[in-house]
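Asks:
Below is the structure:
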């Protein structure tokens, strides 16, 4: 093939001299993790609220939640990212917009990426939460209400604990997706893992090593997430129910 | 204790309940029966406001159920209900199933609630199952737990919505025994059931429904010996011969 493999490239100092190429990769790895985890936490919280709202009897609240879900899951992630990064600062009140544009570029990119990934994923989480709630036997809600629980308490103590257990497997996919989707954020210049991989190619002309390393890094992240979620699944399993002992 | 006056409910043009009027006094055991689709379950769910109704009035212990100003949660906490499919909370142990509403609704302490729960479990013969989960119990055991869970709230009356219909035949009696005992202790009860043996044993009155109407509302002896309507005669003829 005539390609010069050079795995030692990672240990070479970068041309700017302040780090090794491995250091760059590791920096991108950390950004990807920080971005994805923070977005995931927001997505979980928002998605839970919106998912619950989709199932409540009030048609204004459920209508709002439906609109939210349809908005965020029907616009391509990349377009949403551009909207948050390029358009949103212009739409903010002038002082807020200026403050955003004057903050350091990394913060701008990180914030826009985080909000974008969080809202995009929250719409998908909301759908999982809704399907979890809807798959409970309808009598459970009545049973909660009949005990004297308010609707909110019925959700809190009766419906959500079971709904959440039911949706752990599909939530695992969403959790994996958010790490993979975070690569899109390299398009606005955020130096996360995928962007660092490309930068490495530009600087070293060693594309194979670089992308193999990036691939392995994503794989490692997702294997850890998978095992983590499997652990969660096993620990919330209900005895005598759904494969529990 | 429970009085219904011309209660009507419809889904679109379909009349589920039509002018249902009856009265349940303290200590009475009312058995509600009738063919499927006759509105029995709907009627009983109207009593604690789980089903809304369009017209008429239901008053439970002096509180109007249909009044938008009524605090339904508070009312429901005083009315015990047992469902066809048990509806225990599967993610909680049996004792927690009995304790949770006592703690969160009545404001009892964890210890008080568990103690009360244990006593009631003992009463329905399931004290040893306290730490198990609903999925590990048989249907009959689950339904006895469900009755105990309702009793834990110290209800002023109990509603039973076909409590034995989802059970294997051999488990029906263990549930009926608990209900019979409860009836004999003077609990006010409204039971939707097809267990005519139970009705004959403990009912004060029998309500027979058909197509959303209360067709008969009579003492059990009058109902079983001389049903007035043809529909009730047919119904009894069909179910008593087996």
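Chains as they are written, first to last, in the UniProt record's numbering: chain C, 1 to 245; chain U, 1 to 242.
For each residue, glycine too, the CB sits at the ideal point set by N, CA and C.
#1: Hey, how far is the Cα of residue 165 (chain C) from the Cα of residue 233 (chain C)?
#2: Interface residues of chain C around residue 136 (chain U) at Cβ under 8 Å?
#3: Among the candidates U:36, U:8 and U:89, whose CA atom is the shortest distance from the CA of residue 143 (chain C)?
#4: Determine which residues of the stretch 142–156 of chain U have a Cβ less than 7 Å from any Cβ of chain C, and write them out in chain order.
#5: Under the criterion of a Cβ to heavy atom distance below 7 Å, does residue 50 (chain U) qualify as lining the ligand FMN?
#6: Quick one, are the C-beta atoms of residue 121 (chain U) and residue 113 (chain U) less than 8 Å apart?
#7: Can you tell me the Cβ-Cβ gap for residue 152 (chain U) and residue 98 (chain U), rounded? I've got them flagged as a contact below 8 Å.
#8: Find the residues of chain B that neighbour residue 124 (chain C), judging by a C-beta separation of less than 8 Å, and give them in chain order.
#9: Taking the continuous beta strand (DSSP E) assigned at residue 71 (chain U), which residues delimit it?
#10: Buried or exposed: residue 110 (chain C), going by 16 or more other Cβ atoms within 10 Å of its Cβ?
#11: Which residues mark the beginning and the end of the beta strand (DSSP E) in which residue 213 (chain U) is found?
#12: To the nearest angstrom, how far is the alpha carbon of residue 111 (chain U) from that of residue 240 (chain C)?
#13: Step through the CB atoms of chain C and report whether any lies within less than 8 Å of the CB of residue 76 (chain U).
#14: According to a CB-to-CB cut-off of less than 7 Å, which residues of the stretch 101–117 of chain U neighbour chain C?
#15: With DSSP as the reference, label residue 105 (chain U) as helix, strand or coil.
#16: Does the separation of the CB atoms of residue 82 (chain U) and residue 146 (chain U) fall below 8 Å?
#17: Would you decide whether residue 91 (chain U) is buried or exposed? Buried here means 16 or more other CB atoms lie within 10 Å of its CB.
#18: Just to confirm, is the Cβ distance from residue 214 (chain U) to residue 20 (chain U) under 8 Å?
#19: Could you tell me whether any Cβ in chain U is nearer than 8 Å to the Cβ of residue 55 (chain C)?
#20: Beta-carbon of residue 183 (chain C) versus every beta-carbon of chain U: anything under 8 Å?
#21: Check the C-beta distance from residue 47 (chain U) over to residue 204 (chain U) and give it rounded, since I have them as a contact under 8 Å.
#22: Leaving out five residues on either side along the sequence, give the residues of the same chain with a beta carbon under 8 Å from the beta carbon of residue 202 (chain U).
#23: Decide yes or no for the touch test of the stretch 56–74 of chain U against the stretch 216–230 of chain U: beta carbon pairs closer than 8 Å, at least 3 of them.
#24: Taking residue 256 (chain C) as the query, report the chain U residues whose CB atoms sit under 8 Å from its CB, ordered along the chain.
#25: Which partner residues of residue 160 (chain U) appear in the DSSP bridge assignment?
#26: From the DSSP output, read off the bridge partner residues of residue 53 (chain U).
#27: Check whether chain C comes within 8 Å of residue 50 (chain U), counting only Cβ atoms and requiring the distance to be less than that.
#28: By Cβ distance below 8 Å, which residues in the same chain neighbour residue 188 (chain U) in space, the five residues on each side in sequence not counted?
#29: So, is residue 229 (chain U) buried or exposed, given that buried needs 16 or more other C-beta atoms within 10 angstroms?
#30: Whose Cβ in chain U lies nearer than 9 Å to the Cβ of residue 139 (chain C)?
#31: At 3 residues or longer, what runs of the beta strand (DSSP E) sit wholly inside the stretch 159–214 of chain C?
#32: Using a beta-carbon distance below 8 Å, is residue 158 (chain C) in contact with chain U?
#33: Looking at the C-beta of residue 163 (chain C), does it have a partner C-beta in chain U at a distance below 8 Å?
#34: Beta carbons nearer than 7 Å to chain C: which residues of the stretch 41–73 of chain U have them?
#35: Going by alpha carbons, who is nearest to residue 149 (chain C) out of U:100, U:195, U:138 and U:160?
Replies: Short version:
#1: Counted from its first residue, the first chain places residue 165 (chain C) at position 165. Counted from its first residue, the first chain places residue 233 (chain C) at position 233. About 7 Å.
#2: Working through the second chain from its first residue, we reach residue 136 (chain U) at position 136. Going along chain C in sequence order, the residues near residue 136 (chain U) (Cβ under 8 Å) are 239 and 240.
#3: Taking the first chain and counting its residues from 1, the one referred to as residue 143 (chain C) is at position 143. Of U:36, U:8 and U:89, the residue nearest in Cα terms is U:89.
#4: 153
#5: Of ligands this structure carries none, so the ligand FMN is not represented either.
#6: Against the second chain, residue 121 (chain U) aligns to sequence position 121. Against the second chain, residue 113 (chain U) aligns to sequence position 113. No, they are not a contact pair.
#7: Indexing the second chain from 1 puts residue 152 (chain U) at position 152. Indexing the second chain from 1 puts residue 98 (chain U) at position 98. Their Cβ separation, rounded to whole angstroms, is 5 Å, which keeps residue 152 (chain U) and residue 98 (chain U) in contact under 8 Å.
#8: The chain inventory of the structure shown lacks chain B, comprising the protein chains C and U.
#9: As a first step, residue 71 (chain U) must be located in the second chain, where it is residue number 71. Segment: none, residue 71 (chain U) is in no beta strand (DSSP E) and carries neither H nor E.
#10: Against the first chain, residue 110 (chain C) aligns to sequence position 110. Buried.
#11: The count along the second chain starts at 1 and reaches residue 213 (chain U) at position 213. Residue 213 (chain U) -> beta strand (DSSP E) spans 213–219.
#12: For this step, residue 111 (chain U) is matched to residue 111 along the second chain. For this step, residue 240 (chain C) is matched to residue 240 along the first chain. Looking at the two C-alpha atoms, the distance is approximately 26 Å.
#13: Counting from one through the second chain, the residue named residue 76 (chain U) turns up at place 76. Cβ-Cβ to chain C under 8 Å: yes for residue 76 (chain U).
#14: 101, 104 and 105
#15: Along the second chain, read from residue 1 onward, the residue named residue 105 (chain U) stands at position 105. Residue 105 (chain U): coil per DSSP, three-state reduction.
#16: Looking up residue 82 (chain U) in the second chain gives position 82. Looking up residue 146 (chain U) in the second chain gives position 146. In this structure, residue 146 (chain U) lies closer than 8 Å to residue 82 (chain U) by Cβ.
#17: Position 91 of the second chain holds residue 91 (chain U). By the 10 Å Cβ count, residue 91 (chain U) comes out buried.
#18: Here the question's residue 214 (chain U) lines up with position 214 in the second chain. Here the question's residue 20 (chain U) lines up with position 20 in the second chain. Result yes, Cβ atoms of residue 214 (chain U) and residue 20 (chain U) sit closer than 8 Å.
#19: Residue 55 (chain C) sits at position 55 when you count from the first residue of the first chain. No, because no Cβ of chain U sits closer than 8 Å to the Cβ of residue 55 (chain C).
#20: For this step, residue 183 (chain C) is matched to residue 183 along the first chain. With 8 Å as the cut-off, residue 183 (chain C) does not count as an interface residue toward chain U.
#21: Counting from one through the second chain, the residue named residue 47 (chain U) turns up at place 47. Counting from one through the second chain, the residue named residue 204 (chain U) turns up at place 204. Wrong, their Cβ atoms sit about 17 Å apart, outside the cutoff.
#22: Your numbering for residue 202 (chain U) matches position 202 in the second chain. Cβ within range, chain order: 29, 179, 180, 183 and 184.
#23: no
#24: This structure gives no information on residue 256 (chain C), because the portion of chain C shown stretches from 1 to 245.
#25: Within the second chain, numbered from 1, the residue matching residue 160 (chain U) stands at position 160. U:82 and U:191, per the DSSP bridge assignment.
#26: Position 53 of the second chain, counted from the start, is the residue given in the question as residue 53 (chain U). DSSP lists no partner for residue 53 (chain U).
#27: Translated into positions along the second chain, residue 50 (chain U) becomes position 50. With 8 Å as the cut-off, residue 50 (chain U) counts as an interface residue toward chain C.
#28: Here residue 188 (chain U) is taken as the residue at index 188 of the second chain, counted from 1. 1, 2, 24, 25, 26, 27, 28, 29, 156, 157 and 158.
#29: In the second chain, residue 229 (chain U) corresponds to position 229, counting from 1. Answer is exposed; the Cβ neighbour count stays below 16.
#30: Reading the first chain from its first residue, position 139 is the one you call residue 139 (chain C). Under the 9 Å cutoff, chain U gives 83, 84, 85, 86 and 87.
#31: none
#32: Position 158 of the first chain, counted from the first residue, corresponds to residue 158 (chain C). Chain U contact via Cβ: present.
#33: The residue given as residue 163 (chain C) occupies position 163 in the first chain. Chain U contact via Cβ: absent.
#34: 48, 50 and 73
#35: Your numbering for residue 149 (chain C) matches position 149 in the first chain. Residue U:100 is the option with its Cα nearest to residue 149 (chain C).
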